[in-house]
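2 protein chains.
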Amino acid sequence: MQNRLFEYIEKFVSLTNDEKRAIETLNMFHEFKKGTVLLQEGQYSSDAYFVLNGCLRTYYIIDSEEKTTEFYTELEGISPKCVLSKEPSEYFVSCVEDSIVTISNPDMENEIFEKFPKFETLCRIISEQLLAKNQNSFDEFKTSSPEKRYLNLLQNRPDLIQRVPQHQLASYLGITPQSLSRLRARLS
Amino acid sequence: MQNRLFEYIEKFVSLTNDEKRAIETLNMFHEFKKGTVLLQEGQYSSDAYFVLNGCLRTYYIIDSEEKTTEFYTELEGISPKCVLSKEPSEYFVSCVEDSIVTISNPDMENEIFEKFPKFETLCRIISEQLLAKNQNSFDEFKTSSPEKRYLNLLQNRPDLIQRVPQHQLASYLGITPQSLSRLRARLS
DNA sequence: ATCATTTCTTAACTTAAGTGAACGATTTAT
DNA sequence: ATAAATCGTTCACTTAAGTTAAGAAATGAT
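Those protein sequence lines, which keep their order, are chains U and A.
Residue numbers for the first sequence follow our numbering, so the first one is 11 and each next one is one higher.
Residue numbers for the second sequence follow our numbering, so the first one is 11 and each next one is one higher.
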């Protein structure tokens, strides 16, 4: 699993053995069972998650209904809003599957940044890319109908449709589970 | 206008006179008339924009219809996707009002980063914050009905409803201009 | 100032999403 | 293994959004 992390990082910057060792000593690797809640609504937390294996999801509970807003699979990371805002979290993070995840926090990051400024460059680049990607997803969402969004998902993340329960997918698509069920029936 | 930029930056990091002068020599300040198109669909560009005064919007043309996805007003920045992807832009950027804008590009940024590493920290922090903000907006969008989204907008960016044409607001809310018109009638 | 274009609203109609409820199917807990 | 809870689908009904069209209002161009 370490290797998977290093390979990911080396898509952006090269790593010396020293740097790899520095990462290893941080002891960031954690394993969780399906259903484990990593972050609760209302909780203060400074933890960011990076998925090495498995699947996490973020969801709100609104009018006692779960509203899933995002799924994070292999090599995707979540830096929850509450980490930056330092306010209680508005949403939950939990494991859709058994998952292997790294957990880090700003203190660890700053420590690494000081020793190896390269990592700050890494984080800047990744943030910029995630922002562009997120903006793009948002644009696609705004400019598409639920049906188009579902077809899009089939194209771009077919794995999600397999590994994630329908009712979680539904709110991810901005609709009710019933509508998704109908939509699927309509398409076949 | 320079001052407005410095004040913004100094919300994140303090600036020495040296650093201010370095920024000034970059000559980033530009003034545009309402309606000016800064970026065309299909165009390659490495320019990022930061609004000091006025309002920019990003929009797609889909089936010969304009779909507005975002508005950028005072102290908001756009780093178009095509700058990072190095592919032709999928969308347009134009001025909703007469606007004063800084234009920068990765070369300028890297030059500054080398001289003043502090600016890379600045950019990382801003990216991280924008990402969190963008994710939050996306979440709100997904979990709200068009009506709720409109009411939200009234709350959070009432200025936009004044300064921006209805039909541009409509696609920003993910609906047609007719639906927005109806929705407004319904609410009063 | 006038004309042309664009924008906003309204209306009638169609289509799809929300809602509430029911019923197997599946999963989870004991 | 069995009961309980959750999940996915279907149905009938309601509500709202998409679509097409038309006309009034506002804006922009000459």
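Virtual Cβ for every residue (Gly too), placed ideally from N, Cα, C.
Please read all numbers here as calculations on a predicted model, not as lab measurements.
Can a CB atom of chain U be found closer than 8 Å to the CB of residue i?
i, result
"Ser99(A)", "no"
"Tyr70(A)", "yes"
"Arg159(A)", "no"
"Glu121(A)", "no"
"Pro187(A)", "no"
"Gly45(A)", "no"
"Ala142(A)", "yes"
"Gly52(A)", "no"
"Arg196(A)", "no"
List the residues that DSSP assigns as beta-bridge partners of residue i.
i, result
"Tyr70(A)", "Lys77(A)"
"Tyr59(U)", "Ile88(U) and Ile113(U)"
"Cys65(A)", "Cys65(A) is not bridged to any residue."
"Tyr82(A)", "Leu66(A)"
"Glu41(U)", "Ile110(U)"
"Val103(U)", "Leu49(U) and Thr68(U)"
Would you say residue i reaches chain A, if we count a Cβ-Cβ gap shorter than 8 Å as a contact?
i, result
"Cys105(U)", "no"
"Asn166(U)", "no"
"Asp149(U)", "yes"
"Leu66(U)", "no"
"Lys77(U)", "yes"
"Thr153(U)", "yes"
"Arg192(U)", "no"
"Glu138(U)", "yes"
"Gln145(U)", "yes"
"Pro127(U)", "yes"
"Lys96(U)", "no"
"Lys91(U)", "yes"
"Glu130(U)", "yes"
"Ala180(U)", "no"
"Gly87(U)", "no"
"Arg173(U)", "no"
"Arg2(U)", "Any answer about residue 2(U) is impossible in this case: the structure gives chain U only from 11 up to 198."
"Arg134(U)", "yes"
Would the C-beta of residue i count as close to the ligand SAH, meaning under 7 Å from any of its heavy atoms?
i, result
"Arg159(A)", "With respect to small molecules bound, the structure shown includes none, and the ligand SAH cannot be examined in it."
For residue i, which residues in the same chain have their Cβ closer than 7 Å to its Cβ, ignoring the five residues on either side in sequence?
i, result
"Arg14(A)", "Leu62"
"Asn162(A)", "Glu150 and Ser154"
"Ala32(A)", "Ile122, Lys125 and Phe126"
"Tyr18(A)", "Leu85"
"Pro187(A)", "Gln176, His177 and Ala180"
"Arg193(U)", "One detail in the question is off: residue 193(U) reads as Leu in this sequence, not Arg. Within the same chain, Leu193(U) has close Cβ partners Pro156, Glu157 and Tyr160."
Output needed for residue i: all residues of its chain with C-beta closer than 6 Å, excluding positions within five of it in sequence on either side, in chain order.
i, result
"Phe42(A)", "Cys105 and Ser109"
"Ile185(A)", "Pro156"
"Ala142(U)", "none"
For residue i and residue j, which I take to be in contact (beta-carbon distance under 8 Å), what is that distance rounded to the nearest angstrom?
i, j, result
"Leu197(U)", "Leu190(U)", "In fact, because the Cβ distance is near 11 Å, the residues do not count as touching under 8 Å."
"Ser55(U)", "Leu49(U)", "5 Å"
"Phe102(A)", "Glu51(A)", "6 Å"
"Lys44(A)", "Glu107(A)", "5 Å"
"Arg134(A)", "Arg134(U)", "4 Å"
"Gln145(A)", "Asn144(U)", "6 Å"
"Ser137(A)", "Ser137(U)", "4 Å"
"Tyr182(U)", "Thr79(U)", "7 Å"
"Phe81(A)", "Val174(A)", "6 Å"
"Glu34(A)", "Gln12(A)", "7 Å"
Less than 8 Å between C-beta atoms, sequence neighbours within five positions excluded: which residues of the same chain meet that for residue i?
i, result
"Leu164(U)", "Ile171"
"Val93(A)", "Ser55, Ser56, Asp57, Ala58, Asn115 and Pro116"
Is there contact here, the region 60 to 69 of chain A with the region 83 to 93 of chain A, by at least three beta-carbon pairs under 8 Å?
Flag = yes, the region 60 to 69 of chain A and the region 83 to 93 of chain A touch.
Decide if the region 93 to 103 of chain U is in contact with the region 125 to 134 of chain U; the criterion is three or more beta carbon pairs, one per stretch, under 8 Å apart.
Fewer than three pairs of CB atoms, one per stretch, sit closer than 8 Å, so the region 93 to 103 of chain U makes no contact with the region 125 to 134 of chain U.
Does the region 19 to 28 of chain U come close enough to the region 64 to 75 of chain U to have 3 or more Cβ pairs within less than 8 Å?
They do not touch, by the three-pair rule.
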